[in-house]
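Taking this note's numbering as reference, the numbering of the sequence shown is continuous, increasing by one, and the terminal residue is 430. Report on the following structure.
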Amino acid sequence: MKSFFYLGLWAVCFLLTCPNGMAQRTCGTMEAWQNQIAKDPNVVHRKAVIENEMQAWIAEHGSQKTNAVITIPVVVHVVYNTTAENISDAQIQSQIDVLNKDFRKQNTDASSVPSAFASLAADCEIQFCLADRDPNGNPTTGITRTSTSKTSFSQSAEDVKSSSTGGKDPWDTDKYLNMWVCNLSGGLLGYAQFPGGGASTDGVVMLYTAFGTMGSATAPYNKGRTTTHEVGHYLNLYHIWGDEPSCDQDDEVSDTPLQGDKNFGCPTFPLTDSCQTSSPGVMFMNYMDYVDDACMYMFTAGQKARMHAAINTSRAGLKTSNGCSSTSIQELALLDSQVMLYPNPVTDMVQIQSEKPLKNVTLKIYDYTGKICYQSYEKTLSAFTLDLHNYTEGIYFVHLLSDEGFSTKKLIVQK
16 MKSFFYLGLW AVCFLLTCPN GMAQRTCGTM EAWQNQIAKD PNVVHRKAVI ENEMQAWIAE
76 HGSQKTNAVI TIPVVVHVVY NTTAENISDA QIQSQIDVLN KDFRKQNTDA SSVPSAFASL
136 AADCEIQFCL ADRDPNGNPT TGITRTSTSK TSFSQSAEDV KSSSTGGKDP WDTDKYLNMW
196 VCNLSGGLLG YAQFPGGGAS TDGVVMLYTA FGTMGSATAP YNKGRTTTHE VGHYLNLYHI
256 WGDEPSCDQD DEVSDTPLQG DKNFGCPTFP LTDSCQTSSP GVMFMNYMDY VDDACMYMFT
316 AGQKARMHAA INTSRAGLKT SNGCSSTSIQ ELALLDSQVM LYPNPVTDMV QIQSEKPLKN
376 VTLKIYDYTG KICYQSYEKT LSAFTLDLHN YTEGIYFVHL LSDEGFSTKK LIVQK
């Protein structure tokens with residue numbers, strides 16, 4: 016395992032070799048890192064300190080099995096110039112669903128991991144939720160929408176991350192994973208900021224056609240893996256080949272094979288190169304390579320340890336955030352006696368009614384597996400009608416969170 020001490024040179028190597036066409040995956044994370052160095056050379060020192068802290072944490076805790084799942088609150092900032100760029104709540108939820116499956120090894124294509132690497136594939140025990148509380152403690156859907164006059168945003172300018180430049184200011188970056196979805200220029204699918212960068216630019220950015228699994232998401236980047244890849248960077252994972260076209264640079268993870276360069280498309284296993292000359296070859300199906308969405312489907316145990324180290328050191332604020340209501344619901348009043356659903360059971364239309372008007376209401380419907388089927392925000396709510404004619408027969412749960420309190424009701428859909 017080689018050191019990343021010369022991060023500036025490493026980033027320059029990336030800039031010389033990174034492709035610039037949508038036919039192949041393009042990630043601007045290393046370019047973003049190089050730009051940070053140019054603006055603030057001290058970021059190299061901060062990154063080195065963070066790396067030392069992480070390695071110390073891994074040495075002490077990396078092999079421990081805690082079975083404790085970490086939940087990261089997410090806010091998605093949709094910044095749009097056209098209707099197509101203003102992606103739907105459902106498309107956003109589809110991306111959160113992908114993250115939760117990929118980071119918990121619950122993705123259906125996990126079974127495609129070759130047997131030679133199967134013992135290394137890890138449930139990272141990290142999950143994600145759209146925030147229920149904003150930084151001021153107010154209810155939220157975890158989604159912001161900003162109409163802009165700008166037709167595209169630049170990674171080098173970081174303009175999508177500021178309201179003053181046509182984008183959207185981040186929420187508290189210590190407590191929330193900020194995601195921006197927009198029309199990125201330069202042929203990029205996305206980019207992230209490593210721990211240690213400035214708070215005003217911390218988070219991940221994705222192209223609106225490479226986010227989620229529906230709507231504007233376009234093949235071969237329509238399975239949500241661009242965001243999985245970029246969140247890996249946000250949690251301090253490097254590209255699996257070490258961002259240098261040789262065997263001299265590593266990704267700081269011991270259980271990922273040395274790899275000479277990035278891979279594209281959908282390679283056939285086994286794939287060998289100058290670093291791995293015999294089977295099983297390189298781990299091209301790792302989320303931190305450049306293959307198409309359909310052909311990346313694993314993190315390793317070593318990558319899991321590294322991400323947990325980041326969350327427990329440089330990104331420790333995420334663990335104490337109350338951005339997800341599940342961490343602070345005890346503070347709120349129970350409103351079950353004031354909230355009614357009728358008819359229940361229901362065939363097509365159900366009305367949600369409150370005895371008294373409620374303010375700042377986040378409304379969600381979950382199916383019996385816990386998947387969010389519907390989500391909305393209402394400034395005030397006293398009576399609200401939902402059309403359920405597309406819902407399959409079964410049991411659902413209606414969760415309401417407001418300034419006055421919360422309520423969870425069981426709803427039976429019959430056809």
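Idealized CB from N, CA, C, for every residue including glycine. Every value quoted in this text rests on a predicted model; they were computed, and no experiment measured them.
| query | Roughly how many whole angstroms lie between the Cα atoms of Leu333 and Lys430? | reply | 42 Å
| Residue from Asn198, Phe209, Leu396 and Phe314 with nearest C-alpha to Ala63 | Phe209
| Residue from Cys281, Val297, Gly280 and Pro282 with nearest C-alpha to Asp288 | Val297
| field | Exposed unless 16 or more other CB atoms sit within 10 angstroms - verdict on Met364 | value | exposed
| Contacts around Ala131, its chain only, beta-carbon distance under 7 Å, and the 5 residues preceding and following it disregarded | Pro295
| message | Buried or exposed for Val84, going by 16 or more other Cβ atoms inside 10 Å? | response | exposed
| field | Residues bridged to Ser162 [DSSP beta-bridge criterion] | value | Tyr95
| query | Looking at the structure shown, is Val84 part of a helix, part of a strand, or coil, going by DSSP? | reply | coil
| What's the C-alpha gap between Asp147 and Glu75? | 34 Å
| message | Looking at the strands, I want to know which residues DSSP matches up with Leu425. | response | For the record, residue 425 in the displayed sequence is Lys; it is not Leu. BP columns for Lys425 point to Phe412.
| Residue ranges of each alpha helix (DSSP H) run of no fewer than 4 residues wholly in the region 227-252, ordered along the chain? | 240-249
| Residues near Thr180 by beta carbon distance below 6 Å, same chain, minus five either side | Asp174
| field | Under the three-state DSSP convention, the category Gln142 falls into | value | strand
| Which residue comes first and which comes last in the beta strand (DSSP E) that contains Phe399? | Ile387 to Asp402
| Can you list, in chain order, the residues of its chain whose CB lies under 6 Å from that of Tyr1, leaving out five sequence neighbours each side? | Since the first and last residues shown for the chain are 16 and 430, residue 1 lies out of range.
| field | Presumed contact (8 Å Cβ cut-off) between Ala136 and Thr362, rounded CB distance | value | Between Thr362 and Ala136 the Cβ distance is about 43 Å, and since that is not below 8 Å, they are no contact.
| Of all the beta strand (DSSP E) runs that stay within the bounds of the region 200-231, which reach a length of 3 or more residues? | 205-207 and 219-222
| request: Would you mind reading off the limits of the beta strand (DSSP E) that contains Trp256? | output: Taken as a continuous stretch (DSSP letters only), Trp256 belongs to no beta strand (DSSP E), as it is neither H nor E.
| message | Please state whether the Cβ-Cβ distance between Ser231 and Gln106 is less than 8 Å. | response | yes
| message | For Cys310 and Ala125, what's the separation of their Cα atoms in angstroms? | response | 10 Å
| message | If you measure between the beta carbons of Val196 and Phe226, is that distance less than 8 Å? | response | yes
| request: Would you kindly report the start and end of the unbroken beta strand (DSSP E) that includes Glu46? | output: Looking at the DSSP string, Glu46 is not in any beta strand (DSSP E); the run it does join, the alpha helix (DSSP H), is Thr44 to Lys54.
| query | Hey, Thr166 and Val94 are a contact pair by Cβ (cut 8 Å); roughly how many whole angstroms apart? | reply | Not confirmed; about 11 Å, so no contact.
| query | Counting Cβ pairs closer than 8 Å, one from the region 265-275 and one from the region 233-250, do we hit at least three? | reply | no
| Spatially closest choice to Tyr357 from Leu350, Leu349 and Ile367, by CA coordinates | Ile367
| Range covered by the alpha helix (DSSP H) that runs through Ser169 | Premise fails: Ser169 is in no alpha helix (DSSP H) and is neither H nor E.
| request: Measure the CB-CB distance between Val246 and Asn278 and report whether it falls below 8 Å. | output: no
| message | Could you give the first and the last residue of the continuous beta strand (DSSP E) run that contains Lys374? | response | Met364 to Asp382
| query | Just how far apart, CA to CA, sit Cys437 and Ile87? | reply | Limits of the chain in this structure are 16 at one end and 430 at the other, which puts residue 437 out of reach.
| Is Val220 near Leu199, with beta carbons less than 8 Å apart? | yes
| query | At which residues does the alpha helix (DSSP H) containing Trp72 begin and terminate? | reply | Asn57 to His76
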